[in-house]
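Residue numbers (the numbering used here): 35 to 309.
Built from N, CA and C at the ideal position, the CB exists for glycine as well.
Heads up: the structure comes next, in structure tokens.
So this is what it looks like as structure tokens:
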């Protein structure tokens with residue numbers, strides 16, 4: 035199940051919002067009431083390792099690619115990072131995050147997510163690249179497993195659903211940061227195949243993730259950040275055919291998945307030492 039890149043990565047049917055600001059990301063400091071409420075009631079304690087790695091660099095967009103895991107597992111990252119950006123003096127920047135576009139098809143979800151920072155008007159690679167380049171969006175990110183987050187795989191980070199965010203980072207010469215996390219699996223029930231079986235397909239499918247939602251407070255949530263410098267450069271993608279672009283980005287994506295799986299193991303070891 036290789037990741038693919040195509041012109042309509044992130045694509046969804048475009049609809050006009052009444053408020054022209056909705057659907058174009060969100061000013062980070064405006065989320066303070068949300069992240070304060072969430073972290074107060076849903077996470078007992080948290081820690082970000084290598085936190086300064088996440089901070090933006092002047093004049094460059096910031097792209098964050100996180101491990102996904104179960105559906106709700108990466109959710110606390112958005113609130114933790116928002117708080118950290120504001121406390122570090124970056125509250126005036128515009129941020130965005132990309133959930134799977136299928137969520138936007140659920141009635142009412144587009145309006146809700148648009149006001150939370152999802153760029154519902156910009157679910158295409160070209161539009162995102164333009165906004166990162168001209169400064170309308172400063173920070174963006176996603177967890178590229180997409181629909182595959184609903185399954186258990188041999189490794190924590192499963193196959194990627196798309197590679198559009200990796201392409202956006204390369205095409206805008208963005209600072210690229212990878213994030214692994216631990217603790218969000220408390221909002222998930224695992225239904226694995228019996229006897230430790232797995233299906234002999236790419237990624238080794240082991241079972242299902244059944245999300246139970248944020249129904250209880252997470253005891254501890256941990257995040258590990260790492261800077262990633264793609265070997266692939268913008269000039270290598272210019273004037274390439276769609277097939278060539280797909281192959282080049284696909285190679286970079288597999289390296290990113292490997293790094294995130296290694297980071298997940300590293301994070302587990304760090305947290306085990308604290309017990």
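How would you label residue i, buried or exposed, when you count the other beta carbons within 10 angstroms and need 16 or more for buried?
| i | result |
| --- | --- |
| residue 301 | buried |
| residue 392 | Only positions 35 to 309 of the chain appear in this structure, which leaves residue 392 out of reach. |
| residue 222 | buried |
| residue 233 | exposed |
| residue 41 | Here residue 41 scores only 40 on pLDDT, less than 50, and its place in the model should not be relied on; the value that follows carries that caveat. So residue 41 ends up on the exposed side. |
| residue 282 | buried |
| residue 279 | buried |
| residue 37 | With a pLDDT of only 42 at residue 37, under the threshold of 50, the placement of this residue in the model should not be trusted; the figure read from the coordinates follows. With 16 or more Cβ atoms within 10 Å of its Cβ, residue 37 is classed as buried. |
| residue 123 | exposed |
| residue 274 | exposed |
| residue 58 | buried |
| residue 186 | buried |
For residue i, which residues does DSSP report across the bridge?
| i | result |
| --- | --- |
| residue 215 | 257 |
| residue 167 | Paired residue(s): none; residue 167 is not in a bridge. |
| residue 244 | 223 |
| residue 209 | 96 |
| residue 77 | 252 |
| residue 187 | 239 |
| residue 233 | 239 |
Going by Cα to Cα distance, which pick from the options is closest to residue i?
| i | options | result |
| --- | --- | --- |
| residue 285 | 265, 152 and 214 | 265 |
| residue 129 | 115, 135 and 142 | 115 |
| residue 293 | 101, 125 and 163 | 101 |
| residue 206 | 94, 63 and 184 | 94 |
| residue 156 | 248, 270 and 55 | 55 |
| residue 110 | 96, 133 and 76 | 76 |
| residue 171 | 90, 197 and 106 | 90 |
| residue 268 | 72, 208, 224 and 60 | 208 |
| residue 120 | 67, 78 and 276 | 67 |
| residue 83 | 279, 262, 230 and 214 | 214 |
| residue 178 | 290, 60, 147 and 65 | 290 |
Let me know the secondary structure DSSP gives residue i once reduced to three states.
| i | result |
| --- | --- |
| residue 47 | Below a pLDDT of 50, predicted positions are generally treated as unreliable, and residue 47, at 36, falls in that range; the measurement from the model is reported next regardless. DSSP places residue 47 in coil when its eight states are reduced to three. |
| residue 100 | strand |
| residue 24 | Residue coverage of the chain in this structure runs from 35 to 309, which leaves residue 24 outside it and unanswerable. |
| residue 275 | coil |
| residue 83 | strand |
| residue 200 | helix |
| residue 175 | strand |
| residue 114 | helix |
| residue 52 | The pLDDT assigned to residue 52 is 39, lower than 50, so where the model puts this residue is not dependable; a value taken from the coordinates is nonetheless given after this. Three-state result, residue 52: coil. |
| residue 239 | strand |
| residue 120 | helix |
So residue i and residue j are in contact, right, with Cβ under 8 Å, and what is the actual spacing, rounded?
| i | j | result |
| --- | --- | --- |
| residue 85 | residue 259 | 7 Å |
| residue 239 | residue 99 | That pair is no contact at about 22 Å. |
| residue 229 | residue 176 | Incorrect: roughly 35 Å between the Cβ atoms, too far for contact. |
| residue 241 | residue 106 | The pair is not a contact, with the Cβ atoms about 17 Å apart (cut-off 8 Å). |
| residue 203 | residue 159 | 11 Å between Cβ atoms; not a contact. |
| residue 70 | residue 261 | That pair is no contact at about 28 Å. |
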